[in-house]
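**Q** Got a structure for you, questions after.
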Amino acid sequence: MTDPHGCAPWPHALLDVAGLRRDGVRPVPFRQFVLKVHSRCNLACTYCYIYNGADSSWRTRPNRVTDEVLRRTAHRIAEHVATHDLREIRIELHGGEPLLSGPRTVTHMASVVRRAVHDVVGDRCRVRVSVQTNGTLLTERTVEQLAAARIGIGVSLDGGLPHHNGSRVDHAGRPSWTAVTRGLRLLAGRPEAYAGILCTIDLAHDPAETYASLLDFAPPALDLLLPHANWEAPPPGLTDPHAHDRATPYADWLARAFDSWFDADRAAVRVRLFTEVIGLLLGVPSAAEAMGVSPLAAVVVDTDGAMEQVDSLKTAYEGAPVMGLDVAHHSFDDALDHPGTAARQLGLSALSESCRSCPVVGVCGGGNYAHRYRPGTGFRHRSVYCADLAAFIRHVDNKLQQALIA
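Sequential numbering from 7 applies to the sequence shown in this note's numbering.
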């Protein structure tokens, strides 16, 4: 593993967490626990940041989570809930592809965590559970089992047409489209289990077409994600993100998709990025860490029981998500005092000087933490998408002003 101090002095070597605590800066407890069910995937998506990113730790992970790791994880979650008197938490079951372990493993994991929390705090804490899948393994029986266990099902998709998903292929290079659409049609018939669709933006695809095509699968919610990138590895279409007055292709893409949604369908489906930006412009605190300055409240537990920071950091450098903690020997309070977690709970004071002086910082919040990374210095930089975020926020603001005037 690469020495994180060498790759990211901020925050690993430079942030004095003990000093923060002495000064009365208290951590925000975790409310979102991402549990890895299976560390392998049946697809080989060309842009996957877990298998094709800078971090390759997946190669050394057990394929499946064991009952012992699950039991210890559930105990640590219940301990955290009791310590902080939490009234609601989210358990997100991820991979790899979590359904490679079968639906019974997923429902068993949900049951173990719910039971552990109930045994400690009774009914005082609601445990919401979801699974994020590529959709290829969804069958009528699988959807039925997950729905019966009160597990929401989210699906990753790059658009609602076959040519949108050319990068989502299996290990033999065969398209996943037929299997995914079969699963999505099943989900559309079980709205109580349908959590929504995650879509990574591809500049090669028309935004209005992409948005409209996703609606054909009747999702209750959509999330449009910027491709994970940083100053060392810029995103597709941004060959020189340092250039002044550069083009803003991602803002342009998002603006067209936003107009399609705002002008016609905003009451029909929630697009998280759009509602977050609107809320922040209107003074409503953000509910997601990727926008605004809300503190990080998520932690990952991998199949071997290691506590880690969120997976998007795998795009930065080898070992970037590592905390050196595990559920056998550490509490989640220990993870709250890790510099990587503490830095992401400091709000504006953790941002670069250029971010803090920016007029839209209250909305963009510096952008996704992983998108700020620069080798040799770390994460105290503008987002590699800075110009795009600013242009998109201005577009939404102008649209709102026009609507209010009308």
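Glycine is no exception: its CB is placed at the ideal position from the N, C-alpha and C atoms.
Quickly, what does DSSP pair LYS42 with across the bridge? List them, please.
**A** Bridge partners of LYS42: HIS100.
**Q** Output the distance between the C-alpha atoms of TYR256 and HIS124, rounded to the nearest integer angstrom.
**A** The alpha-carbon atoms of TYR256 and HIS124 are separated by roughly 44 angstroms.
**Q** If I follow the unbroken beta strand (DSSP E) through LEU204, where does it start and stop?
**A** Its beta strand (DSSP E) spans residues 200-206.
**Q** From ARG46 to ASP403, what distance separates their C-alpha atoms?
**A** Looking at the two C-alpha atoms, the distance is approximately 42 angstroms.
**Q** Which of helix, strand or coil does DSSP assign to GLN138?
**A** Correct three-state label for GLN138: strand.
**Q** Only counting the same chain, and skipping five residues up and downstream in sequence, which positions put a Cβ closer than 7 angstroms to that of VAL119?
**A** Excluding positions up to five away in sequence, the list reads ALA80, ILE83, ILE97, VAL133.
**Q** Is it buried or exposed for LEU288, if we count other Cβ within 10 angstroms and need 16 for buried?
**A** With fewer than 16 Cβ atoms within 10 Å of its Cβ, LEU288 is classed as exposed.
**Q** Between which two residues does the alpha helix (DSSP H) carrying ILE399 extend?
**A** Here the alpha helix (DSSP H) through ILE399 covers 392-411.
**Q** Once the 5 residues before and after THR89 are set aside, which same chain residues still bring their CB inside 7 angstroms of it?
**A** Result list for THR89: ASP339, in chain order.
**Q** Pull up the distance between the alpha-carbon of GLY59 and that of ALA322, whole angstroms please.
**A** Each residue's alpha carbon lies about 8 angstroms from the other.
**Q** If we ignore side chains and look at the alpha-carbon of each, how far apart do ARG252 and GLY243 end up?
**A** Near 11 angstroms, if we compare the C-alpha coordinates of GLY243 and ARG252.
**Q** DSSP three-state call for GLU359: helix, strand or coil?
**A** Three-state DSSP puts GLU359 in a helix.
**Q** What is the rounded straight-line gap between the Cα of LEU99 and the Cα of ALA412?
**A** For LEU99 and ALA412, the distance between alpha carbons rounds to 44 angstroms.
**Q** How far does the alpha helix (DSSP H) with ALA368 in it extend, from its first residue to its last?
**A** Going by the sequence as given, residue 368 is Gly instead of Ala. First-last of the alpha helix (DSSP H) with GLY368: 367-370.
**Q** Do you know how far the Cα of GLY195 is from the Cα of ALA349?
**A** For ALA349 and GLY195, the distance between alpha carbons rounds to 42 angstroms.
**Q** Under the criterion of a Cβ to heavy atom distance below 7 angstroms, does VAL175 qualify as lining the ligand COA?
**A** Judged by which ligands are present, the structure shown has none, so any question about the ligand COA falls away.
**Q** Using three-state DSSP, classify ILE157 as helix, strand or coil.
**A** Strand at ILE157.
**Q** Taking the alpha helix (DSSP H) that GLU74 belongs to, which residues open and close that run?
**A** Counting along the chain, the alpha helix (DSSP H) containing GLU74 begins and ends at 73-90.
**Q** Can you give me the Cβ contacts of PHE424 inside the same chain, cut-off strictly under 7 angstroms, excluding the 5 residues immediately before and after it?
**A** Because the chain in this structure spans residues 7 to 412, residue 424 falls outside the shown range and cannot be described.
**Q** In its own chain, which residues sit with a C-beta less than 7 angstroms from the C-beta of ILE207, not counting the 5 before and 5 after it?
**A** Contacts found: LEU230, LEU231, LEU232, PRO233, TYR256, TRP259.
**Q** What three-state label does DSSP hand VAL305 in the structure shown?
**A** Strand at VAL305.
**Q** Give a yes or no on whether the C-beta atoms belonging to ASN236 and VAL390 are separated by under 8 angstroms.
**A** Taking 8 angstroms as the Cβ cut-off, ASN236 and VAL390 qualify as a contacting pair.
**Q** Between ALA326 and PRO381, what straight-line distance do the alpha-carbon atoms span, to the nearest angstrom?
**A** ALA326 and PRO381: Cα-Cα distance of roughly 11 angstroms.
**Q** Distance, Cα to Cα, ALA376 vs PRO35?
**A** Cα-Cα distance, rounded: 21 angstroms.
**Q** Using alpha carbons as the reference points, say which of THR111, LEU163, ASP394 lies closest to ALA249.
**A** Closest by alpha carbon: ASP394.
**Q** Once the 5 residues before and after SER173 are set aside, which same chain residues still bring their CB inside 6 angstroms of it?
**A** Here the set comprises CYS51, THR52, TYR53.
**Q** Nearest to HIS401 by CA position, among VAL283, THR113, LEU331, is which residue?
**A** The shortest C-alpha separation from HIS401 is found at VAL283.
**Q** Taking the beta strand (DSSP E) that MET297 falls in, what are its first and last residues?
**A** Unbroken run through MET297: none, as it is neither H nor E.
**Q** Just to confirm the assignment, what range does the alpha helix (DSSP H) spanning GLU215 have?
**A** Start and end: 213-221.
**Q** Residues in its own chain within less than 6 angstroms of ALA155 by CB, not counting five upstream and five downstream?
**A** If we look at ALA155 and ignore the five residues flanking it on each side, its Cβ neighbours are THR113, ALA116.
**Q** Helix, strand or coil for ASP332? Go by DSSP, reduced to three states.
**A** Looking at ASP332 - three-state DSSP - the assignment turns out to be strand.
**Q** Round the Cβ separation of PRO109 and GLN151 to the nearest angstrom and send it over; I've been treating them as touching at under 8 angstroms.
**A** Yes, they are in contact, since the Cβ atoms of PRO109 and GLN151 sit about 4 angstroms apart, within 8 angstroms.
**Q** Is the separation between the beta-carbon of LEU105 and that of THR139 shorter than 8 angstroms?
**A** It is a contact, given that the beta carbons lie within the stated cut-off.
**Q** Is the beta carbon of THR142 less than 8 angstroms from the beta carbon of LEU221?
**A** Cβ atoms of THR142 and LEU221: not closer than 8 angstroms.
**Q** Could you tell me which of TYR379, PHE398, ALA397, CYS392 sits nearest to ALA14, measuring between CA atoms?
**A** Nearest C-alpha to ALA14: TYR379.
**Q** Going by the beta-carbon positions, is the gap between PHE398 and ALA261 smaller than 8 angstroms?
**A** Going by C-beta atoms, PHE398 is nearer than 8 angstroms to ALA261.
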